[in-house]
Amino acid sequence: MYLKKVRCRDCGGSKVTPPSTAYVYCDYCGILIDWDFQIAINSSESAQPGPQYEALCVALHPKMEEARLAGDMTRYTECQRELFSLHAEACPASYSPRIGDPAYREAIANYLATMQTISAFDEETMQLSEEMGKAMRTLRWVGTKVRSDTFWKLFDTYRKHSETVLSKCEEMGEFENHPDEVSRELAARIGYSVLAQGWLPHLAEEDSERLLAVTNLGGEYANLKDPELIKRHCGNCGGDLPVVEGARRVLCEACGFRVDVTAAEISCQECGAPISPPDGAGTQSCPYCNAEIRIIR
Ligand SMILES: [Zn+2]
Ligand SMILES: [Zn+2]
Ligand SMILES: [Zn+2]
């Protein structure tokens, strides 16, 4: 099993099971600990938005422009939130597996909408966007590859833009509202990953290597032997949930809920099936028979 070496910033546990998406969650406490760029480039399954989403973009655009020109940040954020909610529904693969949890979905839409609003209303960011556009227009190609100097000029404008938005978010305490409690560094890396996925095929080898180095998207991989897993059952979706020994909270990648695995599984009072309850839930309807299960911790 080939795995990126990563340690949890919260509990110190090392990652021992392969994540199914680029979002790497801790096997022991269930928080987002890393972004695996190799998985991101190898699973290009983030489906393109469908016609329904495109129609919404077109429909919302004038409303959004109106709000922006009127300086109405609240209304602008509201439009962005609506857009993100629909995008998440149309292209769940573009998001964390936690997108299946409605509470997460709402929180991430709020976070992303606020980020967009900060960019749209901030003088400095707007100017940097313009510079980015200019650098795009002056890109030059040598055969199928971008000419090195013109690419790095573009990258510089992207980095400045990204750093400015991230600094503003940090000042406003926005990272604390992110449902994955990302660090600034991790937020930046996820952003750079999108850029790198798009540009790597068009870069000369030297530039590709340099891009992975400056964006910190590389990382060290190791061949690990499969860990011993204990079989549990997700209390939300009823799916099998293999967990490592010593885990307290894990993410069910099938449904996106975080599941509490501190205690032994509880049995449904109706059908007797064992489940591990979703994190923080006081009651839970049984995923197999629908009966209400009281959760006593
Ligand atoms: Zn952890
Ligand atoms: Zn589940
Ligand atoms: Zn049941």
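Reading the sequence shown from the start, the letters are residues 1 to 297 in this note's numbering.
Glycine included, each C-beta is placed from N, C-alpha and C at the ideal position.
Small disclaimer: the values here were computed from a predicted structure and weren't measured.
Problem - Residue range of the beta strand (DSSP E) that includes P242 - result: Translated into the one-based positions of the sequence shown, residue 242 becomes position 242. That run of the beta strand (DSSP E) goes D240 to V244.
Practice task
Tell me the start and end of each unbroken alpha helix (DSSP H) in the stretch 204-276 that is at least 4 residues and wholly inside, in chain order.
Solution key: 205-214
Problem - Under 7 Å between C-beta atoms of G191 and S162 - result: Stepping through the sequence shown from its first residue, residue 191 is reached at position 191. Stepping through the sequence shown from its first residue, residue 162 is reached at position 162. Yes, these two residues count as a Cβ contact at 7 Å.
Exercise for the section: Please indicate yes or no: does the CB of D10 lie closer than 6 Å to some heavy atom of ligand 1? Expected result: For the purposes of this step, residue 10 is taken as residue 10 along the sequence shown, with counting starting at 1. Because some heavy atom of ligand 1 lies under 6 Å away, the Cβ of D10 counts as near it: yes.
Practice task
Rank R105, K168 and F151 by C-alpha distance to the C-alpha of A120 and give the top, closest one.
Solution key: If you number the sequence shown from 1, residue 120 lands on position 120. The option with the nearest alpha carbon to A120 is K168.
Exercise for the section: Apply the 10 Å Cβ neighbour rule to P201 and answer buried if 16 or more other Cβ atoms are within range, or exposed otherwise. Expected result: Taking the sequence shown and counting its residues from 1, one reaches residue 201 at position 201. In summary, P201 is exposed, with fewer than 16 beta-carbon neighbours lying within 10 Å of its beta-carbon over all protein chains present.
Practice task
Can you check DSSP and say which residues form a bridge with D300?
Solution key: Examination of residue 300 is not possible in this model, given that the chain is present from 1 through 297 alone.
Exercise for the section: Give the range of the beta strand (DSSP E) segment to which S285 is assigned. Expected result: Looking up residue 285 in the sequence shown gives position 285. Element bounds for S285: T283 to S285.
Practice task
Assign R98 to buried or exposed, taking buried as 16 or more other Cβ atoms, counted over all protein chains shown, within 10 Å of its Cβ.
Solution key: Residue mapping note: residue 98 aligns to position 98 of the sequence shown, counting from 1. With 16 or more other Cβ atoms within 10 Å, it is buried.
Practice task
Identify which residue in T114, V142, D149 and S20 has its Cα closest to the Cα of V165.
Solution key: Within the sequence shown, residue 165 is the residue found at index 165, counting from 1. For V165, the nearest C-alpha among the options comes from T114.
Handout entry: Proximal residues to A247 (C-beta, below 7 Å), its chain only, five neighbours per side dropped
Key = Numbered from its first residue, the sequence shown carries residue 247 at position 247. So the qualifying residues of the chain are D27, Y28 and V261.
Problem - alpha helix (DSSP H) segments (min. 4 residues) lying fully within the stretch 27-107 - result: 37-42, 51-69 and 73-90
Handout entry: Collapsed DSSP secondary structure at K4 in the structure displayed
Key = Here residue 4 corresponds to residue number 4 of the sequence shown, with the count starting at 1. Here K4 sits in strand by DSSP.
Exercise for the section: May I ask you to list the residues that DSSP assigns as paired with W152? Expected result: Residue 152 sits at position 152 when you count from the first residue of the sequence shown. In DSSP, W152 forms no bridge with anything.
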